[in-house]
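What follows is a short report on a single structure.
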Amino acid sequence: MKLTHIEHLGIAVKSLDEAIPFWEQKLGMKCYSIEEVKEQKVRTAFFKIGQSKIELLESTEPDGPIGKYVEKNGGGIHHLAFAVEGLQENLDELASKGAQLIDKTPRKGAEGLNIAFVHPKTTGGILMELCEDPNKK
C-alpha cells in the first residue's frame, strides 16, 4: 500500500446549513468548498485542518448512501479516507490479499479526486475510502 496521509474524515449530517455554523463559529474553521456529487446523491462541505480535511456530507436523496446512513444512525462519522499513490494498484493489492472492495475500479468523487471504497467487513467496521488526485500523477 502507498498511503500518504489521512485525506479526510467524512461526517454524515442531516443538513449542511445546520452543521457548517458549528465548525465555523465554534471551532473557527472556514468552509472552503461546497459541492454536489450527483452520482453519489450527496452535497459536501470541506474544512482544512493541517494536511487533512473534514468533509461534511448531506444527502440530496433519501435513498442515497448518506440518506440511508443518517436515517439509521442519525449522522456521525461515516468514513475515513486515505490519500494514496496509484489508486488502482492499491485496489488490486487489497483484492489480492482478500479485502472486500465496494469499488474494484476508481470513480470520480468530490474535489475532482478519484476514489474507491473498501467494505467495513474487511476493515473491522470502518468504511474506508482511498483517494488519488489525478493531477498529482
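In full-length UniProt numbering, the protein residues as written are 1 to 137. No residue lacks a Cβ here, since even glycine has one placed at the ideal position from N, Cα and C.
Do T60 and K30 have their C-beta atoms closer together than 8 Å? Position 60 of the sequence shown, counting from 1, holds the residue named residue 60. Position 30 of the sequence shown, counting from 1, holds the residue named residue 30. Contact: no.
What ranges does the beta strand (DSSP E) occupy inside the UniProt domain "VOC" (5-133), keeping only unbroken runs of at least 3 residues that lie completely in it? 31-37, 42-49, 52-59, 76-84, 114-118, 128-132
Taking Cβ positions, are N90 and L27 nearer each other than 8 Å? Here residue 90 refers to the residue found at position 90 when the sequence shown is read from its first residue. Here residue 27 refers to the residue found at position 27 when the sequence shown is read from its first residue. No, the Cβ-Cβ distance between N90 and L27 is not below 8 Å.
Would you mind giving the Cβ-Cβ distance between A83 and E7, rounded to the nearest angstrom? I have them listed as a contact below 8 Å. Along the sequence shown, one-based indexing puts residue 83 at 83. Along the sequence shown, one-based indexing puts residue 7 at 7. Going by Cβ atoms, the distance from A83 to E7 rounds to 4 Å, so yes, they are a contact pair.
Check this for me: beta carbons of H119 and G10, under 8 Å apart or not? For this step, residue 119 is matched to residue 119 along the sequence shown. For this step, residue 10 is matched to residue 10 along the sequence shown. No. Outside cutoff.
Using CA atoms only, rank isn't needed, just tell me which of G76, I115, I66 is closest to E107. The residue you call residue 107 lines up with position 107 of the sequence shown. The amino acid at residue 107 is misidentified as Glu; the sequence shows Arg. Nearest option by C-alpha distance: I115.
Buried versus exposed call for G74 [16 or more other C-beta atoms within 10 Å across all chains shown]: Position 74 of the sequence shown, counting from 1, holds the residue named residue 74. Classification of G74: exposed, given that the 10 Å Cβ count is below 16.
Residue of P134, P21, D92 minimising C-alpha distance to F47: As a working mapping, residue 47 is identified with position 47 in the sequence shown. If we check each option's Cα against that of F47, P21 comes out closest.
Cβ shell of I49 (< 8 Å), same chain only, five flanking positions each side left out: Looking up residue 49 in the sequence shown gives position 49. These residues qualify, in order along the chain: M29.
How would you label G112, buried or exposed, when you count the other beta carbons within 10 angstroms and need 16 or more for buried? As a first step, residue 112 must be located in the sequence shown, where it is residue number 112. So G112 ends up on the exposed side.
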